[in-house]
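Q: Handing you a structure now.
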Amino acid sequence: ETGVTQSPTHLIKTRGQQVTLRCSSQSGHNTVSWYQQALGQGPQFIFQYYREEENGRGNFPPRFSGLQFPNYSSELNVNALELDDSALYLCASSPGIVYGYTFGSGTRLTVV
Amino acid sequence: KQEVTQIPAALSVPEGENLVLNCSFTDSAIYNLQWFRQDPGKGLTSLLLIQSSQREQTSGRLNASLDKSSGRSTLYIAASQPGDSATYLCAVEEGDMRFGAGTRLTVKP
Chain A
156 ETGVTQSPTH LIKTRGQQVT LRCSSQSGHN TVSWYQQALG QGPQFIFQYY
206 REEENGRGNF PPRFSGLQFP NYSSELNVNA LELDDSALYL CASSPGIVYG
256 YTFGSGTRLT VV
Chain B
7 KQEVTQIPAA LSVPEGENLV LNCSFTDSAI YNLQWFRQDP GKGLTSLLLI
57 QSSQREQTSG RLNASLDKSS GRSTLYIAAS QPGDSATYLC AVEEGDMRFG
107 AGTRLTVKP
């Protein structure tokens with residue numbers, strides 16, 4: 156399978172709820188990163204996984220957590236949703252440093 | 007802490023013009039720099055990847071340069087078309103990727 160696939164494309168949740176976003180990467184892409192993009196801003200790094208271990212984290216609270224699976228899929232979980240969590244969430248994967256990243260189309264999360 | 011800045015924030019040009027988008031970064035210890043295109047509400051499409059040992063990359067009407075010592079990159083778009091209208095983002099990789107806020111380009115017919 157080629158490319159990075161994210162699901163769902165859109166999601167509406169209520170403040171305080173929990174959400175799981177999913178990403179499916181290409182075979183061989185051992186590194187996956189998640190980003191949050193607020194309207195009119197550049198993507199902000201949430202965290203990165205390499206071979207199923209967290210390999211770096213941005214300035215996001217612990218209620219943002221993730222998992223990476225052996226089949227090159229990954230999840231972003233957000234607990235206790237806040238209104239400010241409303242954003243486009245992007246998944247990106249890479250087979251290695253010199254190859255750059257391939258991004259998915261994103262999941263638009265709206266918290267009401 | 008790496009800071010990535012893109013200038014201008016917005017740009018409107020008539021069709022056919024050549025244009026330059028600028029990106030600057032504060033820490034030159036990067037693995038590579040990547041330029042992306044983003045259409046409204048969509049994900050990121052990679053345009054060009056410049057590795058840290060390279061000076062430039064070209065793809066069709068696009069040319070990107072990298073000067074690590076000065077912390078600058080430029081994206082040159084030749085003979086702009088209305089279909090080029092989008093937001094252009096640059097990102098530097100140092101393990102994870104750090105993005106600028108983007109340049110919103112409008113090409114008028």
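Chains as they are written, first to last, in my numbering: chain A, 156 to 267; chain B, 7 to 115.
For every residue, glycine included, the Cβ atom is placed at its ideal position computed from N, Cα and C.
If you're wondering where the values come from, they're calculated on a predicted model, not measured in any experiment.
Tell me which residues of the segment 57-78 of chain B have at least one Cβ-Cβ distance to chain A shorter than 7 Å, keeping chain order.
A: Of all residues in the segment 57-78 of chain B, Gln57 have a Cβ within less than 7 Å of some Cβ in chain A.
Q: Which residues bound the beta strand (DSSP E) around A:Tyr205?
A: Where A:Tyr205 is concerned, the enclosing beta strand (DSSP E) stretches over 199-205.
Q: If we cut at 7 Å on Cβ distances, does B:Gln8 have a partner in chain A?
A: No, its Cβ sits nowhere closer than 7 Å to a Cβ of chain A.
Q: Which residue's Cα is closest to the Cα of B:Met103: A:Asn232, A:Phe202, A:Ser260?
A: Ranking the options by Cα distance to B:Met103, first place goes to A:Phe202.
Q: Within the 7 Å Cβ cut-off, does A:Gln223 reach chain B?
A: Chain B, which has no Cβ nearer than 7 Å to the Cβ of A:Gln223, makes this no.
Q: What residue range does the beta strand (DSSP E) around B:Ile13 cover?
A: Per DSSP, B:Ile13 belongs to the beta strand (DSSP E) from 10-13.
Q: For B:Glu99, collect the residues of the same chain with a Cβ closer than 8 Å to its Cβ; drop the 5 residues on either side in sequence, then sort them by chain order.
A: Same-chain partners within the cutoff: Ile36, Tyr37, Asn38, Leu39, Gln40.
Q: Taking the straight line between their C-alpha atoms, what separation do you get for B:Leu27 and B:Lys74?
A: If I take the Cα positions, the gap works out to 17 Å.
Q: Between A:Glu209 and A:Ala247, what straight-line distance do the alpha-carbon atoms span, to the nearest angstrom?
A: Between A:Glu209 and A:Ala247, the C-alpha separation is close to 14 Å.
Q: If we count Cβ pairs, one from each stretch, closer than 8 Å, do we get three or more for the segment 83-94 of chain B versus the segment 42-59 of chain B?
A: Judged by Cβ distances under 8 Å, the segment 83-94 of chain B makes contact with the segment 42-59 of chain B, as three or more pairs qualify.
Q: Between A:Ser179 and A:Tyr227, which are expected to be in contact by the criterion C-beta below 8 Å, what is the C-beta distance as a whole number of angstroms?
A: Right, their Cβ atoms sit about 7 Å apart.
Q: Would you kindly work out how many angstroms separate the C-alpha atoms of A:Gln173 and B:Gly101, rounded to a whole number?
A: Rounded to whole angstroms, A:Gln173 to B:Gly101 spans 29 Å at the Cα level.
Q: Ordered along the chain, which non-local residues of its own chain (more than five positions away) have a Cβ less than 6 Å from that of A:His165?
A: Same-chain partners within the cutoff: Arg263.
Q: Identify, in the order they occur along the chain, each residue of the same chain with its Cβ nearer than 6 Å to the Cβ of B:Gln60, setting aside the five sequence neighbours on each side.
A: Same-chain partners within the cutoff: there are none.
Q: Could you tell me whether the segment 212-226 of chain A touches the segment 15-29 of chain B, using the rule of 3 or more Cβ pairs below 8 Å?
A: Contact between the segment 212-226 of chain A and the segment 15-29 of chain B is absent, because fewer than three Cβ pairs lie under 8 Å.
Q: With a 10 Å radius around its C-beta and 16 neighbouring C-beta atoms as the bar for buried, classify A:Thr257 as buried or exposed.
A: Classification for A:Thr257: buried.
Q: For B:Phe31 versus B:Gly89, is the C-beta distance shorter than 7 Å?
A: Contact: no.
Q: How would you write the range of the beta strand (DSSP E) that A:Gly261 sits in, first residue to last?
A: It is not in any beta strand (DSSP E) - A:Gly261 carries neither H nor E in the DSSP assignment.
Q: Using a beta-carbon distance cut-off of less than 7 Å, what residues from the segment 180-209 of chain A approach chain B?
A: The residues in question are Ser188, Gln196, Gly197, Pro198, Phe200, Gln203.
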